[in-house]
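Engineer:
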Amino acid sequence: MVETKKSEWNSNFAFMMAMIGSAVGLGNIWRFPNVLYSNGGGSFMIPYIVSLFLLGISFVLVEYAVGYKFKRSLARILFTMSRKLEVVAWFILLIVFLIATYYVCVVGWDLIYIFLSFTKAWGPNPDVFFTNNVLQATDSISGLFTIVPTVLASIIAIWFLSWFIIKRDLNDGIGNVSKVLIPLLCAIVVIIVAFSLTLPGASVGYTQIFTPDWSALTNLDVWLAAFGQIVFSLSLGMAIAMTYASYLPEGSKLVDNAVIVAFSNSGFEVFNSIGTFSILGFMAVTTGIQFNELVTSGTGLAFVVFPQVFNTMGGAAYIIGPLFFICILFAGITSLIALLEGFCYSISEKFLIERKKTATAVCIVGCLVSTIFATGAGSTILGIFDAYLNNFALLFAILLECIIFGWIYKFDDLIETLNKNSTIKVGKTWKTVIKYILPLCIAGLWIQGVLSTMATADSLSTTIMVILTIVLIVVPIILAKLPAINKDYYNV
412 MVETKKSEWN SNFAFMMAMI GSAVGLGNIW RFPNVLYSNG GGSFMIPYIV SLFLLGISFV
472 LVEYAVGYKF KRSLARILFT MSRKLEVVAW FILLIVFLIA TYYVCVVGWD LIYIFLSFTK
532 AWGPNPDVFF TNNVLQATDS ISGLFTIVPT VLASIIAIWF LSWFIIKRDL NDGIGNVSKV
592 LIPLLCAIVV IIVAFSLTLP GASVGYTQIF TPDWSALTNL DVWLAAFGQI VFSLSLGMAI
652 AMTYASYLPE GSKLVDNAVI VAFSNSGFEV FNSIGTFSIL GFMAVTTGIQ FNELVTSGTG
712 LAFVVFPQVF NTMGGAAYII GPLFFICILF AGITSLIALL EGFCYSISEK FLIERKKTAT
772 AVCIVGCLVS TIFATGAGST ILGIFDAYLN NFALLFAILL ECIIFGWIYK FDDLIETLNK
832 NSTIKVGKTW KTVIKYILPL CIAGLWIQGV LSTMATADSL STTIMVILTI VLIVVPIILA
892 KLPAINKDYY NV
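In terms of the numbering used here, the sequence shown is residues 412 to 903.
1) Is A627 buried or exposed, if buried means 16 or more other CB atoms sit within 10 Å of its CB?
2) Using CA atoms only, rank isn't needed, just tell me which of I819, L871, A866 and N801 is closest to W857.
3) Mind checking whether K839 and A486 have CB atoms under 8 Å apart?
4) P623 bridges to which residues according to DSSP?
5) Does G662 pass the burial test, meaning 16 or more other C-beta atoms within 10 Å, or should it be called exposed?
6) Only counting the same chain, and skipping five residues up and downstream in sequence, which positions put a Cβ closer than 7 Å to that of G534?
7) Does the Cβ of E414 have 16 or more other Cβ atoms within 10 Å, making it buried, or fewer, making it exposed?
8) Which one of L465, L879 and K831 has the shortest CA to CA distance from G639?
9) DSSP state of I671, grouped into three classes?
10) Roughly how many angstroms separate the alpha carbons of A804 and D797, rounded to a whole number?
11) As a quick exercise: from V562, T512 and G519, pick the residue whose alpha carbon is nearest that of A785.
12) Which residues does DSSP list as the beta-bridge partners of I558?
13) In three-state DSSP terms, what is V425?
14) Tell me whether the beta-carbon of I523 lies closer than 8 Å to the beta-carbon of V545.
15) Tell me whether M724 sits in a helix, a strand or coil according to DSSP, three-state version.
16) Work out the CA separation of V696 and L527 for me, nearest whole Å.
17) In its own chain, which residues sit with a C-beta less than 7 Å from the C-beta of C774, not counting the 5 before and 5 after it?
18) Identify which residue in Y901, I457 and E419 has its Cα closest to the Cα of W625.
19) Secondary structure at G586, three-state DSSP: helix, strand or coil?
20) Label L779 either buried or exposed according to how many other C-beta atoms from any shown protein chain fall within 10 Å of its C-beta, with 16 as the threshold for buried.
21) Can you give me the start and stop residues for the alpha helix (DSSP H) that E704 sits inside?
22) Do you know how far the Cα of S781 is from the Cα of T542?
23) What are the start and end residues of each continuous alpha helix (DSSP H) run of 4 or more residues lying completely inside the stretch 443 to 530, in chain order?
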């Protein structure tokens, strides 16, 4: 990937599509509707918008400024600031890589459902079908020794597709894919939402978004949920924005770009939710199932509830169903390549390995780790990985970044970098947010995440979390201690 750094985005449009693609992931499609519904409906939009400005745009600006100013990988950026900080970079990048290893699995499940949707092969009981036929799930640890062939094949296929994209030159790979997939994704979402609004009972669903529960605004958990959603949907702390911004040419309007990306992502979430709620409203009316029983988080919405909805749609489902799962696939692929880019770039820059070889090595290792999720116990382990890495590790990484760039680095240099070419300017208010308000919010989220993770931990969860903790300590130390093959790496 050394040659990648010499290249730049061939257009601002390519950069914007890549950034929007990194943000518009699976979580936007199935996580946001549940968070919105569970936290006051329409009134949730107030803390959500506050969080977007206070946390989302503010932190994205930090990553834009750092990436654009240094034009290096995260590992080398922190090494430049202090040799002791390089290990923090590898800690962050390893978290993102581990997230990618199970994210691939969820995208793989979706790939399976694209084929199933053409015939509604999940039958009358999608819940049972998903658990018994697709996942072949078992609660026993012995399930680790049982491979699920279809899941394994789909995981390998997604890893191969990801490798095929990221091994190529920046613009030929990520740039071109993003320019094609993101507009297609938006077009498919528009079609799905437009169709969903014509369904009987659609108003039962979408009015939930515009019916506020004002009492929810006094609930601290609602505000924490809004902050958490922004962290999740904008992929904060994953060094994605920092890596992509490092490829921007001189003269780029960083603040303008950050605002556009953040609002595009949030607009997609809200617009997509209108379609999701409309479809669920249709199912509530046609089946008599209570609306609150249909709105679920995680994979339950995509692979259980929506197949149930498609079962009641008749012939239209043979078109809307495949479109829905193709939509998820596009969102998943664009997010996945963003998750892998930063890790690949840091490895190649330090050890002077060309892009194709780095991508190959990272994808092979990632595929081997992902085989754990292609077992009978895979879905259980995936849930543990997700809870630990998102609720504990990633939030801790964001907190570290706030401290490093807000307190250790010369923050005024970032303000100068952002304001140089941007139409929208930042100043002391943004500095106050990053140094004081943001760390407090992230610390609150982190404490809540740790408590919720530990409260639900059993012996298996505890064992896996201990193993992950050891990996997240040992591997970054090794990568930081290894001497750089690239002699320019040490040029501070």
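For glycine and all other residues, C-beta sits at the position ideal for the given N, C-alpha and C.
Quick caveat, the model's predicted, so the values are computed rather than measured.
Structural biologist: Considering the structure as presented:
1) buried
2) N801
3) no
4) G452
5) exposed
6) F540
7) Legend: pLDDT at E414 = 43, less than 50; position of this residue unreliable, value from coordinates given subsequently. Exposed, because fewer than 16 other Cβ atoms sit within 10 Å of the Cβ of E414.
8) L465
9) helix
10) 10 Å
11) V562
12) T786
13) A small fix is needed here, since residue 425 is Ala in this sequence, not Val. DSSP places A425 in helix when its eight states are reduced to three.
14) yes
15) coil
16) 25 Å
17) W570, S573 and W574
18) I457
19) helix
20) exposed
21) F702 to L705
22) 19 Å
23) 456 to 462, 469 to 481, 485 to 492 and 497 to 528
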